[in-house]
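The block underneath contains the structure these notes are about, expressed in structure tokens.
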Amino acid sequence: MQRERPLIEKIYLFLKGLAMGAANKVPGVSGGTVSFVFGFYEELIYSFRKINLKAFKLLFNGRFTSFYRYVNGQFLLLIMGGSIFSYFSISLVLDYFLANYELYVWSWFFGMIIGSIYYIGKDFGDWNFKNILSLIVGVSIGLGISFLTPATENDNLWFVFICGIIGVSGMTLPGLSGSFILILMGNYVLLLVDSVNELFFVITNLLSGNFEVLSDPIKIRYLKIISVFTAGSAFGLVSISHVLGYVLKRWHQIVNAIIIGFITGSLGIVWPWKNTLYLKNKEEFVLDKKGNKIVENYERFVPDFYDSETWIAIFYIIVGIGLILIIDYYGRKKK
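With the working numbering applied, the sequence shown has no gaps in its numbers, which climb one by one up to 335 at the end.
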């Protein structure tokens, strides 16, 4: 049975959900990393694992209070509520800073991830051969993903369902950015831009009493796509959590070593000094419906240490590291 949390802890959980939601929206940054660093990763995985056959039986039998307690509902509502709210608030502020101060934002992320590696690695314990090998595997996978070339767009529903499974992985796998993976799979614009915009358009029309929108084959196509993507995301969230819960229970140190390596490898994606490359089609940049260029990947370069912006960026890296160290200090003091 879940315990009743004090008000201050509920507020902290909601704020952590805000941070996870903001991180999930940025290609290259993982919401799972936020949950790992802020100390609620294992409870998140545990809670998602409770969404199983027993939970559905409780729900269908009308035992809503038992269902709520069984799935750790209070925790999930606070974390997921914060994540959803973040999409319409904190992440919009983040979008502004990325558009106007991109170098400094990436520097801050870079510093936070460096601090995170220290934070989750300092109490690891026994670095034997097996754990070191797992660390190297994690680093290799993370680096490999950061330098992959994107595929072309594919709207086959079976592929969209797989995209849903993989796209949601950023919430459950620290170091793996779900939005960046969707870019690599070629469906970032289709699933997170075009389909979302069409869904919003359909909903607003239905609310205003215009039901003719449902006879538009293009709108129906996008509704099918986003429905299948959502189903894949829900399936992935629960299934991946069950797998992770199983392996965490049996090979806790090995899994943690891979996660630390994976987060280390993801530094290749958030390296602050990079030029953004865009998808091209017949010499023209591919645009989304708002006219924005679509990110393909990044061309990384060594910073110019004679440039004052470089030192400002380094300052923000130090700020990012310092923020994690403060969280670490506060956490140890609280214990």
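Note that the Cβ used here is the ideal one computed from N, Cα and C, for glycine as well. Remember, it's a predicted structure, so these values are computed and weren't measured experimentally.
Nearest neighbour of residue 85 by Cα position, chosen from 252, 300, 13, 201, turns out to be 13. If you check the CB distance, residue 146 and residue 269 come in under 8 Å. Residue pairing by DSSP places residue 299 opposite 275 in a beta bridge. Shortest Cα-Cα distance from residue 254 to any of 131, 168, 233 involves 131.
Residue state for residue 72 is assigned as coil, using DSSP reduced to three classes.
With a cutoff of 8 Å on beta-carbon distance, residue 329 and residue 111 are scored as not near each other. Where residue 102 is concerned, the enclosing alpha helix (DSSP H) starts and stops at 102 to 121. Inter-residue distance for residue 83 and residue 68 is about 19 Å (C-alpha atoms, whole angstroms).
One alpha carbon belongs to residue 70, the other to residue 117, and they sit about 33 Å apart.
For residue 229, same chain residues with a beta-carbon under 8 Å away, outside a window of 5 residues either side, are 160, 161, 163, 164, 167, 191, 195 in chain order. Cβ neighbours of residue 58 within its own chain (closer than 7 Å, five residues either side excluded): 66, 67, 70. Taking C-beta separations shorter than 7 Å and ignoring five residues to either side along the sequence, the partners of residue 104 in its chain run 312, 313, 316, following chain order.
For secondary structure counted as the alpha helix (DSSP H) over 4 or more consecutive residues, the segment 157 to 221 holds these complete runs in sequence order: 157 to 167, 169 to 172, 178 to 184, 195 to 207. Distance check between residue 107 and each of 326, 325, 321 places 321 closest, using alpha-carbon atoms only. Boundaries of the alpha helix (DSSP H) around residue 265: 252 to 265.
Distances from the CA of residue 122 to each of 182, 319, 260, 306 were compared; the closest alpha carbon is that of 260. Remark: C-beta atoms of residue 50 and residue 24 do not approach each other more closely than 8 Å. Contact between residue 33 and residue 203 fails: their C-beta atoms lie close to 32 Å from each other, not under 8 Å. Counting other Cβ atoms within 10 Å of its Cβ, residue 198 reaches 16 or more and is therefore classed as buried. Membership of residue 146 in the alpha helix (DSSP H) is indicated by the continuous run 129 to 146. Less than 8 Å divides the Cβ of residue 42 from the Cβ of residue 248. Counting C-beta atoms within 10 angstroms of its own C-beta, residue 210 has fewer than 16 neighbours from the protein chains shown and is therefore classed as exposed. Secondary structure note for residue 42: its alpha helix (DSSP H) is the uninterrupted segment 41 to 49.
In the same chain as residue 143, and ignoring 5 residues on each side of it, the C-beta atoms closer than 6 Å to its own belong to 265, 268, in chain order. Going by beta carbons, residue 319 and residue 273 fall outside the 8 Å limit.
Cα atoms of residue 76 and residue 44: separation of roughly 8 Å, rounded to the nearest angstrom. In this structure, residue 171 lies near residue 178, with their beta-carbon atoms less than 8 Å apart. The alpha-carbon of residue 30 is positioned some 10 Å away from that of residue 36. For residue 7, the closest C-alpha among the options 74, 206, 20 is that of 74. Taking C-beta separations shorter than 8 Å and ignoring five residues to either side along the sequence, the partners of residue 157 in its chain run 224, 225, 228, following chain order. Rounded to whole angstroms, the gap between the alpha carbons of residue 46 and residue 39 is 13 Å.
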